[in-house]
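All letters in the sequence shown, in the order written, are residues 123 to 513 by the numbering used here. Note that CB positions come from ideal geometry on N, CA and C, so glycine has one too. Just so we're clear, the structure is a prediction, and the values are computed from it rather than from any experiment. Read the structure below first, then the notes.
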Amino acid sequence: MSADPLALARDLLRCRSVTPAEGGALKFLEGTLKAAGFTVHRMTFSETGADDVENLYARIGTAAPHLMFAGHTDVVPPGDEKAWAHPPFAGEVANNELYGRGAVDMKGGIACALAAVLDHLSHHAGKPKGSISFLITGDEEGIAVNGTPKLLQWAEERGEEFDHCILGEPSNVAELGDTIKIGRRGSLNGHLIVTGKQGHVAYPQRAENPIRGLVTLVAALQTKPLDSGTALFPPSHLEFTSIDVGNKTVNLIPDEARARFNIRFNDKHTLDSLKKLIEKRAAKATKNLATGGKIRYAFEWEPSNAWVFVTEPGPFTELVTEAITKVTGRTPELSTSGGTSDARFITAHCPVVEFGLVGQTMHAIDERVPVADLRALTTIYRTIIDRYFTA
Ligand SMILES: [Zn+2]
Numbered sequence: 123m124s125a126d127p128l129a130l131a132r133d134l135l136r137c138r139s140v141t142p143a144e145g146g147a148l149k150f151l152e153g154t155l156k157a158a159g160f161t162v163h164r165m166t167f168s169e170t171g172a173d174d175v176e177n178l179y180a181r182i183g184t185a186a187p188h189l190m191f192a193g194h195t196d197v198v199p200p201g202d203e204k205a206w207a208h209p210p211f212a213g214e215v216a217n218n219e220l221y222g223r224g225a226v227d228m229k230g231g232i233a234c235a236l237a238a239v240l241d242h243l244s245h246h247a248g249k250p251k252g253s254i255s256f257l258i259t260g261d262e263e264g265i266a267v268n269g270t271p272k273l274l275q276w277a278e279e280r281g282e283e284f285d286h287c288i289l290g291e292p293s294n295v296a297e298l299g300d301t302i303k304i305g306r307r308g309s310l311n312g313h314l315i316v317t318g319k320q321g322h323v324a325y326p327q328r329a330e331n332p333i334r335g336l337v338t339l340v341a342a343l344q345t346k347p348l349d350s351g352t353a354l355f356p357p358s359h360l361e362f363t364s365i366d367v368g369n370k371t372v373n374l375i376p377d378e379a380r381a382r383f384n385i386r387f388n389d390k391h392t393l394d395s396l397k398k399l400i401e402k403r404a405a406k407a408t409k410n411l412a413t414g415g416k417i418r419y420a421f422e423w424e425p426s427n428a429w430v431f432v433t434e435p436g437p438f439t440e441l442v443t444e445a446i447t448k449v450t451g452r453t454p455e456l457s458t459s460g461g462t463s464d465a466r467f468i469t470a471h472c473p474v475v476e477f478g479l480v481g482q483t484m485h486a487i488d489e490r491v492p493v494a495d496l497r498a499l500t501t502i503y504r505t506i507i508d509r510y511f512t513a
């Protein structure tokens, strides 16, 4: 008898595991994996100023190669529960679709990986020809300090070595099999602060209006593209998200003006080189001004752990691609688009690809997944595992 991804997904969806609550989801995985012969570790991580969060690591086998499935059981809040066609934590199926918070992001994906692994083991005397592990956090949707980074550090200190990882986030855009994520852009938040001199608006010669300087710099930073893209990434992009003066007085020239921006950047840059580039462009923009470069400004950079990464296409991405094509008939795009994910932490330990369900309803009211997608994703994972351990 083969494991049923629908039953596993329903059990997971019935756990109210809104970050940082465990909600029974990890306990369920622990029980299921232990019964299949996995050694299971549960650990709670803490950090001052953040909620304690529970996590799980489970492994079967001791030999190489070691294939890791990564993911998270926490979910975002359901929003207005009455607005759902089917309750968000009931695991109901209607019109061949499974409803619930986390159906695609990403309890459904975890259920498929679990079913595929259980199937593989039951066809191979309960043991892989190498090792399989699950690295599952309860802290992905929140501020994510007590999740995957600490799990990976914990694993490294134990001497765990991973060869490849599949992160089952909902990578597909419109149909199962259309997209594998092999990398993500980096993300950097910055503030631009221009200082002036406060004064009466009727006597601007006695004041120094920082808004003039801010407008000049904002314009300059948007004029030229940061780059023209790379082989695997779209061009980097800077977008201003706020301009603030906060001046409520009509006859007052303020003494400070601020702007906030975010940059999504590709593998041409590091966080440091990017900051230097922006600062250089600002300096250049103030140089040729009629005012003789008299803009007093500074940048403040927010700390970022969202650096850029990419898993270069090769035998592992080919194996995943072939399995997807075999099951769905589609040739997935190898994409680096979208926001950040926990893959940026995993990439420091082993090559990682993201492939899961279709992301269209994630974080939305009536998040749901076609039951057929759950079955197809399970078959894809099963194909990957079978080939991974016979190659
Ligand atoms: Zn997710």
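So, with DSSP's three-state summary, where would you put residue i?
i	result
Ala129	helix
His245	helix
Trp276	helix
Gly308	strand
Val475	strand
Arg223	coil
Val449	helix
Asp261	coil
Thr443	helix
Glu424	coil
Phe362	strand
Phe256	strand
Phe160	coil
Lys303	strand
Around the C-beta of residue i, are 16 or more other C-beta atoms found within 10 angstroms, so that it is buried, or is it exposed?
i	result
Met190	buried
Glu263	buried
Pro425	exposed
Asp495	buried
Asn388	buried
Met165	exposed
Asn373	exposed
Ala235	buried
Could you tell me the boundaries of the alpha helix (DSSP H) in which residue i lies?
i	result
Arg382	Where Arg382 is concerned, there is no enclosing alpha helix (DSSP H), although the beta strand (DSSP E) it sits in stretches over Glu378 to Phe387.
Trp429	Per DSSP, Trp429 belongs to no alpha helix (DSSP H) and is neither H nor E.
Tyr503	Val493 to Tyr510
Leu339	Pro332 to Thr345
Ile400	Leu393 to Lys409
For the candidate residues the options, whose alpha-carbon lies nearest to that of residue i?
i	options	result
Ala518	Thr501, Ala266, Gly321 and Leu135	With the chain covering 123 to 513 only, the question about residue 518 has no answer from this structure.
Glu455	Glu476, His471, Glu330 and Met484	Glu476
Asp174	Leu354, Thr141 and Val239	Thr141
Asp366	Phe211, Lys346, Asp349 and Val340	Val340
Ser395	Leu348, Asp261, Thr408 and Ala381	Leu348
Gly231	Phe511, Thr512 and Ile502	Ile502
Lys251	Gly299, Ile288 and Thr184	Thr184
Asn384	Ala192, Ala428, Thr500 and Leu220	Ala428
Arg466	Gly269, Ala207, Ala407 and Lys398	Gly269
Lys346	Thr512, Glu361 and Pro210	Glu361
Val493	Ala233, Ala381 and Pro326	Ala233
Ala216	Thr259, His242, Leu128 and Asn294	Leu128
Leu148	Ile258, Ala237, Pro332 and Arg504	Ile258
Phe256	Thr392, Phe421, Ser244 and Ala238	Ala238
Using only the alpha-carbon positions, how far apart do residue i and residue j sit?
i	j	result
Phe284	Ile254	9 Å
Asp508	Ser124	15 Å
Ile400	Phe160	49 Å
Ala296	Ala131	21 Å
Ala143	Trp276	21 Å
Phe355	Ser459	8 Å
Ser309	Ala324	42 Å
Thr450	Phe431	28 Å
Ala329	Ser364	24 Å
Asn177	Thr500	23 Å
Terminal residues of the continuous beta strand (DSSP E) containing residue i?
i	result
Val175	Ala172 to Ile182
Ala157	Element bounds for Ala157: not the beta strand (DSSP E) but the alpha helix (DSSP H), Ala147 to Ala157.
With 7 Å as the threshold, decide whether the Cβ of residue i is near any Cβ in chain C.
i	result
Val197	No chain C is part of this structure, which consists of one protein chain only.
Quick one, what's near ligand 3 if you take every residue whose CB is closer than 6 Å to any heavy atom, in chain order?
-> This structure lacks ligand 3; the ligands present are ligand 1.
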